[in-house]
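Asks:
Protein chains: 2
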Amino acid sequence: MTTVTIKDVAREAGVSVASVSRALNGTGGVTAETEKRIREVAARLRYVPHGAARSLITRRTHTIGALLPDMYGEFFSELIRGIDLAARTRGLHLLVSSAHDGMDDAAAALRTMRGRVDGLIVLSPRADASFLHANLPESLPTVLLNSPLRGRRYSVLNIDNPGGARAMVRHLAVERGLRDIAFIAGPPDNFDAQQREEGYRHAMAEFAPGAPLRVLRGEFTEDSGYRAGAELLASGKLPRAVFAANDMMAIGCLLALREGGVDVPGEVAVTGFDDIPIARYVTPALTTVRVRIVDLGRSALERLAALLDAPDQTATTQADTLGCDIVVRDSCGARPHARTFTNKAR
Amino acid sequence: MTTVTIKDVAREAGVSVASVSRALNGTGGVTAETEKRIREVAARLRYVPHGAARSLITRRTHTIGALLPDMYGEFFSELIRGIDLAARTRGLHLLVSSAHDGMDDAAAALRTMRGRVDGLIVLSPRADASFLHANLPESLPTVLLNSPLRGRRYSVLNIDNPGGARAMVRHLAVERGLRDIAFIAGPPDNFDAQQREEGYRHAMAEFAPGAPLRVLRGEFTEDSGYRAGAELLASGKLPRAVFAANDMMAIGCLLALREGGVDVPGEVAVTGFDDIPIARYVTPALTTVRVRIVDLGRSALERLAALLDAPDQTATTQADTLGCDIVVRDSCGARPHARTFTNKAR
DNA sequence: AGCCGCGATGAAAACGTTTACGTTGCGCCC
DNA sequence: GGGCGCAACGTAAACGTTTTCATCGCGGCT
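Just so you know, the protein sequences line up as chains A and B, in that order.
For the first sequence, the working numbering gives the first residue as 1, with consecutive numbering after it.
For the second sequence, the working numbering gives the first residue as 347, with consecutive numbering after it.
1) Roughly how many angstroms lie between the CA atoms of TYR200/A and THR321/A, to the nearest whole one?
2) Are the beta-carbon atoms belonging to PRO93/A and SER443/B less than 8 angstroms from one another?
3) Can you list the residues of chain A that THR407/B reaches, using a CB-CB cut of under 9 angstroms?
4) On the three-state DSSP scale, how would you describe ASP354/B?
5) Suppose the cutoff is 6 angstroms on Cβ atoms and the five residues either side in sequence are ignored; what does the same chain contact list for MET113/A look like?
6) What residues from chain A crowd round SER443/B, counting only those whose CB sits closer than 7 angstroms?
7) Near PHE76/A, which residues of its chain fall below 6 angstroms by C-beta distance, leaving aside the five closest residues on each side in sequence?
8) With three or more C-beta pairs closer than 8 angstroms as the rule, is the segment 245-261 of chain A touching the segment 271-283 of chain A?
9) Report the neighbours of ARG111/A on chain B: residues whose CB is nearer than 9 angstroms to its CB, in chain order.
10) For GLU259/A, which option in VAL41/A, LYS7/A, TYR226/A has the closest C-alpha, if you only look at C-alpha atoms?
11) Pull up the distance between the alpha-carbon of ILE326/A and that of THR142/A, whole angstroms please.
12) Looking at VAL350/B: is its Cβ nearer than 8 angstroms to the Cβ of TYR393/B?
13) From SER331/A to PRO630/B, what does the alpha carbon distance come to, in whole angstroms?
14) Can you tell me which of VAL376/B, GLY374/B, GLY532/B, THR404/B puts its alpha carbon nearest to the alpha carbon of THR567/B?
15) So LEU307/A is in the alpha helix (DSSP H); what residue range does that whole segment cover?
16) Could you name the residues of the segment 588-605 of chain B whose beta carbon sits closer than 8 angstroms to any beta carbon of chain A, in the order they occur along the chain?
17) Give me the residue from SER570/B, SER470/B, ASP506/B with the minimum Cα distance to ALA452/B.
18) In chain order, what residues of the segment 121-149 of chain A put their CB closer than 8 angstroms to some CB of chain B?
19) Among ASP569/B, PHE529/B, PRO534/B, ARG427/B, which residue has its Cα nearest to the Cα of LEU559/B?
20) Give a single yes or no on whether THR288/A has its beta carbon closer than 7 angstroms to a heavy atom of the ligand FAD.
21) In the DSSP assignment, what residue or residues form a beta bridge with SER443/B?
22) Suppose the cutoff is 6 angstroms on Cβ atoms and the five residues either side in sequence are ignored; what does the same chain contact list for VAL376/B look like?
23) Starting from SER501/B, follow its DSSP beta bridges and name the residues at the other end.
24) Would you kindly work out how many angstroms separate the C-alpha atoms of THR435/B and VAL468/B, rounded to a whole number?
25) Listing by chain order, which chain A residues have their CB less than 9 angstroms from the CB of TYR572/B?
26) With a threshold of 6 angstroms on Cβ separation, who are the neighbours of ASP192/A within its own chain once the five nearest residues in sequence on each side are excluded?
27) Could you tell me whether any Cβ in chain A is nearer than 8 angstroms to the Cβ of VAL674/B?
28) What are the residues in the segment 275-301 of chain A lying within 8 angstroms of chain B by C-beta distance?
29) For ILE384/B, list the residues DSSP reports as bridge partners.
30) Looking at the structure shown, is ARG685/B part of a helix, part of a strand, or coil, going by DSSP?
31) Tell me which residues share the same chain as PHE441/B and place their Cβ nearer than 8 angstroms to its Cβ, disregarding the 5 neighbours each side in the sequence.
32) Since ILE429/B and ALA587/B are thought to touch, with beta carbons under 8 angstroms apart, how far apart are those beta carbons, to the nearest angstrom?
33) Sorted by chain position, which residues of the same chain lie with C-beta nearer than 8 angstroms to VAL637/B's C-beta, five sequence neighbours on each side aside?
34) Would you call the CB atoms of ASP526/B and ALA576/B closer than 8 angstroms?
35) What number of angstroms, rounded off, separates the C-alpha of THR634/B from the C-alpha of VAL628/B?
36) Going by the CB atoms, is the gap between LEU157/A and ARG303/A shorter than 8 angstroms?
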């Protein structure tokens, strides 16, 4: 009545468990006729092999684990989508584990993965090298995403944050001629945020030498972007452009400026970073640095799969960077916008 | 050098594997002193128990599987977020399996879940009762989401589609006084779509008797909503309001109307269903039926967890419905909007 | 006719745990 | 002082597979 095991099938088909295993797995060694009989019995009994038992002996789970800091925001859902997409075509399953505020929390999650996954994709933007070294099993193939870590031990895949930031500043400063560019930075301990801010600083020196540098603190949240916008308003001295370290902050800033009666992009251009899906729907549509998030997830999984197939292939273990370009929409004034937009409502 | 097992710990600590198991699991039967020694050895060797082996004997994986039709759109990512949130607080892991176009694809996914999960959350808006009956293991606790299925075999959790549709039509027809309401329907084989369309029809009869019924076909995608909007424009006879069966179609329609130079909500009100995060960011902000998607995922997991704790508890196996209310923003004209908005660009 | 080889099959070990059961040793009571 | 109970610990079975190894026929070759 409960679950039917391989023994039941064997008994019913009048063969040994070994033959059932061979027949169902397509390993050779059984007559076509007995294989057929076994298959019929298995289908009739609705037999489905027990994953854990199989993994135990096979040492393969066909599952990869994804460890994410949390699950809020479109960046993460897009990333998961990319990973899942690629996993599916490879016949892999996806065990997600998100929202790890504390280190010990993440450590616990990491532990429970042992024996349940063949490999790991870890998004750890915080620079916690020692943590990973301490908690990642040596034997588990791992791909690190957006991590400051280097080295032959893991395979790391990063976004081209400096390049993206540079391209955006270049666009604003030289193509649009806006030299007075403020920057809304992300959390200081976040690796992407660090790289983007540094990219901004370098690019400003390159494309707008002598222009004032203005950096506001943010937390990658819409709310912190809103506060940064409010801060700009309150300062009484608006920049000609605001470059936010991610899209959600750009949107928050946009809302704040809009409420303050500022014409975007007429008076102030606003741009972001990531190109999350929402970016194209806000008004004015957000000019931003396009990170192909889905592709990021996809290639992370591809790399991991390659690692699984050839475990000691150090070739794929090298660090790599995913390029990103800028996508120009309305919020930077590249296209003439019909009218000044002021909406005090909401 | 490879993985360290419980035997290694036992040998190193000078005890038997049984004692190691007892010490590490906190089952009684070991001196405080030996437990301490064992714990130290385990920590030093970086021992972490093998999940599959443990599950095999324990018959518990502490993992639940989520079977989703696909992973596109914010609805699904929000749902997963809700499930994950609740799973984390219960110490459960999440095995996601998405994008099942064909039945056999889904069946395969279902099979591989055996022995890897303790329970299942299945989102199957298509009315495929026989499929589930055929492929769901009898013994696996299962929560069905947005499913037409009833019965004591599974626990099902639905959105109050009729109520939501009714509330929206009521708002448009009686509170806003717009009786000429067109409807953009979803895929015909989708259960939610069916219920929402029926809800629209009933509510129209109730709140706008005699008013013309106008139903356009859609596919739940932004693109199909756009086409529906274009169709309305081409017809030369615009309704006073458009009620789309989901937000993405509403947004597509919004864009089409905007491009056609139609004032929304001045000439035509546009409303949606779901309240996905994007809804509040479009201009005008979308009035919609709020489905607390995160809560939906959360309660699905809560139900499943209850099922796991008390397997033969038929009390929680009953069908249940999650209420939804409408959230009024700008796209239905409830608030006076500053100016007519026409933007031919893009 | 006797052997050899090979293809099909079965028996049993192995994977890494948990747990029921048996075995100690010790202190206690009568 | 001998038996009894109990706590601490070890032994081994069990979970459901896969896989190695041995066994068994059987046909073809010399």
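Even glycine gets a Cβ: it sits at the ideal position worked out from N, Cα and C.
Replies: Taking the geometry as given:
1) Counting from 1 along the first sequence, the entry for residue 200/A is found at position 200. Counting from 1 along the first sequence, the entry for residue 321/A is found at position 321. Their backbone Cα atoms lie some 18 angstroms apart in a straight line.
2) As a first step, residue 93/A is located in the first sequence; it is residue number 93 there, counting from the start. As a first step, residue 443/B is located in the second sequence; it is residue number 97 there, counting from the start. Note that residue 93/A corresponds to His in the displayed sequence, not to Pro. Yes; because the gap between Cβ atoms is below 8 angstroms, this pair is in contact.
3) The residue given as residue 407/B occupies position 61 in the second sequence. Here the neighbours are GLY51, ALA52, ARG116.
4) Along the second sequence, read from residue 1 onward, the residue named residue 354/B stands at position 8. Helix.
5) Working through the first sequence from its first residue, we reach residue 113/A at position 113. Excluding the 5 residues flanking it on each side, MET113/A has same chain C-beta neighbours closer than 6 angstroms at GLY65, in chain order.
6) On the second sequence, residue 443/B is found 97 positions in, with the first residue counted as 1. For SER443/B, the chain A residues whose Cβ falls inside 7 angstroms of its Cβ are HIS93, in order along the chain.
7) As a first step, residue 76/A must be located in the first sequence, where it is residue number 76. Contacts found: LEU68.
8) The segment 271-283 of chain A makes contact with the segment 245-261 of chain A, as at least three CB pairs between them are under 8 angstroms.
9) Working through the first sequence from its first residue, we reach residue 111/A at position 111. Those within 9 angstroms of ARG111/A in chain B are VAL394, PRO395.
10) Translated into positions along the first sequence, residue 259/A becomes position 259. Here the closest residue by C-alpha is TYR226/A.
11) One-based indexing of the first sequence puts residue 326/A at position 326. One-based indexing of the first sequence puts residue 142/A at position 142. The straight-line gap from Cα to Cα measures roughly 30 angstroms.
12) Taking the first residue of the second sequence as position 1, residue 350/B is located at position 4. Taking the first residue of the second sequence as position 1, residue 393/B is located at position 47. For VAL350/B and TYR393/B, yes; Cβs fall inside 8 angstroms.
13) Taking the first residue of the first sequence as position 1, residue 331/A is located at position 331. Taking the first residue of the second sequence as position 1, residue 630/B is located at position 284. Roughly 17 angstroms separates the two Cα atoms.
14) In the second sequence, residue 567/B corresponds to position 221, counting from 1. When only C-alpha atoms are compared, the closest one is GLY532/B.
15) Within the first sequence, residue 307/A is the residue found at index 307, counting from 1. Looking at the DSSP string, the run of the alpha helix (DSSP H) that includes LEU307/A is 293-309.
16) Listed in sequence order: ILE597.
17) Here residue 452/B refers to the residue found at position 106 of the second sequence. If we check each option's Cα against that of ALA452/B, SER470/B comes out closest.
18) Considering only beta carbons, the part of the segment 121-149 of chain A lying closer than 8 angstroms to chain B consists of PRO137, SER139, in chain order.
19) Translated into the one-based positions of the second sequence, residue 559/B becomes position 213. PHE529/B is the residue among ASP569/B, PHE529/B, PRO534/B, ARG427/B whose C-alpha sits nearest the C-alpha of LEU559/B.
20) This structure simply doesn't include the ligand FAD, nor any ligand for that matter.
21) Locating residue 443/B in the second sequence gives position 97, where the first residue counts as 1. Bridge partners of SER443/B according to DSSP: LEU413/B.
22) Within the second sequence, numbered from 1, the residue matching residue 376/B stands at position 30. Contacts found: SER365, ARG368, ALA369.
23) Within the second sequence, the letter at position 155 stands for residue 501/B. DSSP links SER501/B through a beta bridge to VAL489/B.
24) One-based indexing of the second sequence puts residue 435/B at position 89. One-based indexing of the second sequence puts residue 468/B at position 122. Looking at the backbone, the Cα of THR435/B and that of VAL468/B are separated by about 20 angstroms.
25) Your numbering for residue 572/B matches position 226 in the second sequence. The premise fails here: TYR572/B is roughly 13 angstroms from chain A at the closest Cβ pair, so nothing lies under 9 angstroms.
26) Working through the first sequence from its first residue, we reach residue 192/A at position 192. Taken in chain order, the residues that qualify are PRO125, ASN146, ASN161.
27) Residue numbering aside, residue 674/B sits at position 328 when the second sequence is read from its first letter. Taking Cβ atoms only, chain A never reaches closer than 8 angstroms to VAL674/B, which makes this a no.
28) Against chain B - using a Cβ distance shorter than 8 angstroms - the residues of the segment 275-301 of chain A are PRO277, ILE278, TYR281, VAL282, THR283, ALA285.
29) Within the second sequence, the letter at position 38 stands for residue 384/B. Looking at the DSSP assignment, ILE384/B forms no beta bridge with any residue, so it has no partner.
30) Within the second sequence, the letter at position 339 stands for residue 685/B. The pLDDT assigned to ARG685/B is 35, lower than 50, so where the model puts this residue is not dependable; a value taken from the coordinates is nonetheless given after this. Here ARG685/B sits in coil by DSSP.
31) Residue 441/B sits at position 95 when you count from the first residue of the second sequence. At residue 441/B the sequence reads Leu, which differs from the Phe that was named. Result list for LEU441/B: THR409, ILE410, GLY411, ALA412, MET459, ARG462, VAL463, in chain order.
32) Position 83 of the second sequence, counted from the start, is the residue given in the question as residue 429/B. Position 241 of the second sequence, counted from the start, is the residue given in the question as residue 587/B. Their Cβ separation, rounded to whole angstroms, is 34 angstroms, which puts ILE429/B and ALA587/B out of contact at 8 angstroms.
33) Counted from its first residue, the second sequence places residue 637/B at position 291. Only ILE505, GLY510, PHE619, ASP620, ASP621, LEU668, CYS670 meet the Cβ criterion.
34) Counting from 1 along the second sequence, the entry for residue 526/B is found at position 180. Counting from 1 along the second sequence, the entry for residue 576/B is found at position 230. With contacts defined as CB atoms closer than 8 angstroms, ASP526/B and ALA576/B fail to qualify as a contacting pair.
35) Translated into positions along the second sequence, residue 634/B becomes position 288. Translated into positions along the second sequence, residue 628/B becomes position 282. Straight-line spacing of the CA atoms in THR634/B and VAL628/B works out to 12 angstroms.
36) Counting from 1 along the first sequence, the entry for residue 303/A is found at position 303. Counting from 1 along the first sequence, the entry for residue 157/A is found at position 157. In contact: ARG303/A and LEU157/A (Cβ atoms closer than 8 angstroms).
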